[in-house]
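Residue 137 is where the sequence shown starts when you use my numbering, and the numbers rise one by one after that.
Even glycine gets a Cβ: it sits at the ideal position worked out from N, Cα and C.
Here the structure is a predicted model, which is why all the values come from computation and not from measurement.
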Amino acid sequence: MRELVPQIEAFRGMPNVEFPRDSGAGQAGVYWFPTFMDPENVRRSYARTGHYENYDRANYELITESKVTKIEVEDGTATSVVFQRTEGNTTTEFTVKASREVILAAGAVHSPQILQLSGIGPKKLLDTAGIDTVVDLPGVGQNFQDHPMLPVGISLQNFTVHPNPIDLIRDRNFSPYSIAIGNVAAWLGMPAISPDGHEDLAAKLEAQDHAAQLPPDTDPTVIAGYEAQMRALATSIRSTNTAFYSMSLTGSSTVGGSNILLHPLSRGSVNINTTASPDASSEPIVDYRALSNDIDLDILVEFVRFTRRYHFETSLAAYGPRETMPGAEVVERDDIAGYIRGSVTPTEFHPSGTCAMLPRELGGVVDEALRVYGVEGLRVVDASVIPLLPGANTCQTVYAVAEKAADLIKSSQ
């Protein structure tokens, strides 16, 4: 869309902003990124292509409207999966025996829940729930991460996309009414976001008491893993090539809408509900602990300041920018921080990290082959194994994990 051109060009006057050819370059900057779509038939990637079109394969059976309640472990080996199916008022329990191994792919919220219900997880939590401990694995359900979203509302009063957008749908089969966001975004490092302040943020993170950023009863192995992550992220704050900030460009009068924090420093947890019935009928307790590390708040303050500079101090100023959130009157750091606390959404729907691929002494749950520590014949294959949230949407990374997992599983047979 030609309407994107002024929004892209406005970044050229800002320091430390790069313009890679495309997202395949592996470089932070402003660029076009692909949609997950089959180029042959222009069809999206979704459940139909992933599951339903293969239903007639002899070695594949898709069971719907069912819920896994437990993975059974005998003599240190995963032997079967127990699940329930409810029809009307009747719930029936089934057990499926594993011929080779069990692959757990329930996502970053439910994979740790299933492990904990199976007796694999932090012993203290399992004892509280009355579940016998099969493997004391403190990292299960910890290290929870997601991308917080912060609305920053600035519209361009004199930016006209088209006098009649409906004509675009008729003539070109798309218009601003036909897309939610465009396929161009700014994925920027902290030296671009805060040229004068990113070094202070990195130094503050290095000097921080990292253990104090986690709940007081956190296992020492989980603390050790968090400390290692914070050391790496302090280095990343200094890098122009590690994206911390994301804003999609729309080509409309509202350029972006949300600032995304791609590398949050706060860590949450996903644990079974010990105050309810400790089984699969109760959803786990998801605690984002968003902004529990106050440097996340410092970074988001810099996001607001950067987004304002982009609109008001570049070529976009000619289009009459008008700020509605947090509002032009919100200027002081503490006032901006107050707006952030009341407005941030803790998730961009990218939950990750709760069964992390890390050494066991760093709070890890799976090894480099995705095998759960302490249990033979059990792997986890989903976003929960990602130890450090990517500076991007998680879909591509999960695809890569799945492809690698397929190779690992086949090579072990």
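Pull up the CB-CB distance for V271 and V517, whole angstroms please, since I reckon it's below 8 Å.
Working through the sequence shown from its first residue, we reach residue 271 at position 135. Working through the sequence shown from its first residue, we reach residue 517 at position 381. Between V517 and V271 the Cβ distance is about 19 Å, and since that is not below 8 Å, they are no contact.
Taking the continuous alpha helix (DSSP H) assigned at R469, which residues delimit it?
Here residue 469 is taken as the residue at index 333 of the sequence shown, counted from 1. It spans R469 to S479 - the alpha helix (DSSP H) in which R469 sits, taken as one unbroken run.
Taking the alpha-carbon of A541 as reference, which of E201, L240, V440 and A146 has the nearest alpha-carbon?
Position 405 of the sequence shown holds residue 541. It is L240 whose Cα lies nearest to the Cα of A541.
Inter-residue CB distance, V217 and V209 (contact presumed, cutoff 8 Å):
Here the question's residue 217 lines up with position 81 in the sequence shown. Here the question's residue 209 lines up with position 73 in the sequence shown. That pair is no contact at about 11 Å.
Can you grab the Cα-Cα spacing for the pair L452 / R236, in whole Å?
On the sequence shown, position 316 is the one that residue 452 refers to. On the sequence shown, position 100 is the one that residue 236 refers to. Using only the alpha carbons, I get a separation of about 60 Å.
Validate contact between the stretch 342-358 and the stretch 160-174 using beta carbons, cut 8 Å, 3 pairs
no
Helix, strand or coil, according to DSSP, for L262 in the structure here?
Here the question's residue 262 lines up with position 126 in the sequence shown. Three-state DSSP puts L262 in a helix.
If you reduce the DSSP assignment to three classes, tell me which class E223 lands in.
As a working mapping, residue 223 is identified with position 87 in the sequence shown. Strand.
Best match in P142, R180 and F280 for proximity to T483 [C-alpha to C-alpha]:
Here residue 483 refers to the residue found at position 347 when the sequence shown is read from its first residue. When only C-alpha atoms are compared, the closest one is F280.
By DSSP's criteria, P457 is part of a beta bridge. Which residues make up the other side?
Translated into positions along the sequence shown, residue 457 becomes position 321. Note: P457 sits in a beta bridge opposite L292.
Is S547 helix, strand or coil by DSSP?
As a working note, residue 547 is residue 411 in the sequence shown. Helix at S547.
Taking the alpha-carbon positions, what's the A338 to A328 distance?
Here residue 338 corresponds to residue number 202 of the sequence shown, with the count starting at 1. Here residue 328 corresponds to residue number 192 of the sequence shown, with the count starting at 1. Cα to Cα, the separation comes out at about 14 Å.
Apart from the five residues just before and just after K341, which ones in its own chain have a Cβ nearer than 8 Å to its Cβ?
Taking the sequence shown and counting its residues from 1, one reaches residue 341 at position 205. The displayed chain sequence assigns Leu, not Lys, to residue 341. Around L341: M366, L369, A370, I373, L401 and I431.
Look up I408 in the DSSP assignment and say whether it is helix, strand or coil.
In the sequence shown, residue 408 corresponds to position 272, counting from 1. Here I408 sits in coil by DSSP.
Specify the secondary structure class of N395 as computed by DSSP and reduced to three states.
Reading the sequence shown from its first residue, position 259 is the one you call residue 395. In the structure shown, N395 sits in a strand (DSSP, three-state: E or B).
Per-residue DSSP class, three states only, for Q532:
To locate residue 532, count along the sequence shown from 1; it is residue 396. Helix.
Provide the residue(s) that pair with G165 in DSSP beta bridges, ordered along the chain.
Locating residue 165 in the sequence shown gives position 29, where the first residue counts as 1. Its beta-bridge partners are W323.
In the DSSP output, which residue or residues are listed as bridge partners for K206?
On the sequence shown, residue 206 is found 70 positions in, with the first residue counted as 1. Beta-bridge pairing links K206 to V218.
Checking 7 Å against the spacing of the C-beta atoms, do P258 and P274 come in under that value?
The residue labelled residue 258 in the question sits at position 122 within the sequence shown. The residue labelled residue 274 in the question sits at position 138 within the sequence shown. Cβ distance < 7 Å, so P258 and P274 count as in contact.
Residue from Q532, C531, S520 and A528 whose Cα sits closest to the Cα of H246:
Here residue 246 refers to the residue found at position 110 of the sequence shown. Per the Cα distances, S520.
Determine which residues share a DSSP beta bridge with T231 and list them.
Taking the sequence shown and counting its residues from 1, the one referred to as residue 231 is at position 95. Answer by DSSP bridge pairing, in chain order: V218.
Could you tell me the boundaries of the alpha helix (DSSP H) in which M366 lies?
Walking along the sequence shown from the start, residue 366 turns up at place 230. P356 to I373 is the span of the alpha helix (DSSP H), which, as asked, contains M366.
Member of P457, A183 and L544 whose CA lies at the smallest distance from the CA of D503
Position 367 of the sequence shown holds residue 503. Nearest option by C-alpha distance: L544.
With the cut-off set at 7 Å, would you say G499 and G361 are in Cβ contact?
For the purposes of this step, residue 499 is identified with residue 363 of the sequence shown, where counting begins at 1. For the purposes of this step, residue 361 is identified with residue 225 of the sequence shown, where counting begins at 1. Yes, Cβ-Cβ distance for G499 and G361 is below 7 Å.
Which residues in the same chain have their Cβ closer than 6 Å to the Cβ of F147, if we skip the five residues on either side of it in sequence?
Start at 1 with the first residue of the sequence shown, and residue 147 comes out as number 11. For F147, where only same-chain residues beyond five positions count, the Cβ hits under 6 Å are V153 and V166.
Per the contact definition of three or more C-beta pairs closer than 8 Å, is the stretch 249-256 in contact with the stretch 466-473?
no
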